[in-house]
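Shown next, in structure tokens, is the structure this report addresses.
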Amino acid sequence: MTRAATLSALGMTARTRWPSADIAMVAARVALSGTLLAAAMWLSSDEFAWRDLAAIGPGSIATCLLLSGVIVFTLAWRWRYIVATTTEAPTVPSMADFSAFTWVGLAVNQLVPSVVGGDAVRITLLARWGIPASAAAGSVIVDRFYGVLGLLVVCLAAAPMLSTALFYPAMITSIVIVIAVIASGLLAWWTSRRLSIFQRLSTMVLTGISWRSLLIMVPVAMAGHLANIAMFLVIAHALGAQAPILPTISVLAAVLLASVLPFSIAGWGLREFALVNAFTHLGLDHDKIVLSSVAYGLFVLVTQAAGFLMILRRKRT
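The numbering of the sequence shown is our numbering, which starts it at 26 and goes up by one.
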């Protein structure tokens, strides 16, 4: 199958009906994000003005676009490294292909309120390229593992800078995620021992996790997360929010880690509310912080949702 057909496969996916449980979960996440965002904006003063977004100049936008490109590149490189070192396929997609697959996955995660929507699309695209389905699924699982591990390292390293109100929630979230990862791993191992259909997937996942890979993948994952946080800092300072670098890294690392859990929609609401509470402790202006967070969220939404253009571009080639 050609690469054009691979990327067009997303548009040919059959429609599926969501079970009522999925609809209820999505509604709960939307409600939580909306409630927290409304609370954060309510805590801001009457000076909150959307027209202040005009202060984000071309230089800041260009810097954020560069950082966005760094994020897509690091994610694509990390995923391709896993595939190249764990599969026996004669060839693997190029970096351009992996970048396109990654960007489409990010777009789905921004527009579809699902925890695994983007990952399912990535697996589908890689499998349609010619990689065995078990290898494609295993590579995405391993990639997710290293991504969460890198974020966990950033969060724990920056945790001492958090206020008391956020330190304990960040630690509890970290513990919950570690327990969830360990439990998922044990469940997958137990299942693979009893169901032959999962044995190849289990072998792929175990092959992809090694000390050598840890030393390479975790720093790469950390670089991607720090580039994400740097985008917020660029936007915040462009809007005049004097957000200190280290506390901001601490707060956003904790928020990104909490976003791994299915509580909010792409971190909306949770991010704004956490920033307001954190910077109240530092005596900073709520208005600029909330506006910076909303501008950051909109920038990420637009740039990552643009990943769907990869499908249209490949359809024409």
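For glycine and all other residues, C-beta sits at the position ideal for the given N, C-alpha and C.
In terms of Cα proximity to G175, the closest of A255, V243, M256 is V243. Beyond the five residues adjoining it in sequence on each side, I96 comes within less than 7 Å, by CB distance, of G249, A252, N253 in the same chain, given in chain order. Following the DSSP letters along the chain, one finds G155 in no alpha helix (DSSP H), marked with neither H nor E. Ranked by Cα distance from W102, the options M120, T110, T88 are led by M120.
Counting along the chain, T127 sits inside the alpha helix (DSSP H) bounded by residues 120-136. DSSP places A268 in the coil class of the three-state scheme, outside both helix and strand. The count of Cβ pairs closer than 8 Å, one atom from the stretch 294-305 and one from the stretch 82-99, stays below three, leaving the stretches out of contact. The beta carbons of A145 and G332 sit no closer together than 9 Å.
The stretch 102-116 and the stretch 259-271 do not touch, with fewer than three beta-carbon pairs separated by less than 8 Å. DSSP, reduced to helix, strand and coil, places G163 within a helical segment of the structure shown.
In this structure, V315 sits near V301, with a CB-CB distance shorter than 9 Å. Contact annotation: R54 and I290 have beta-carbon atoms nearer than 9 Å.
DSSP, read as helix, strand or coil, puts L300 in helix.
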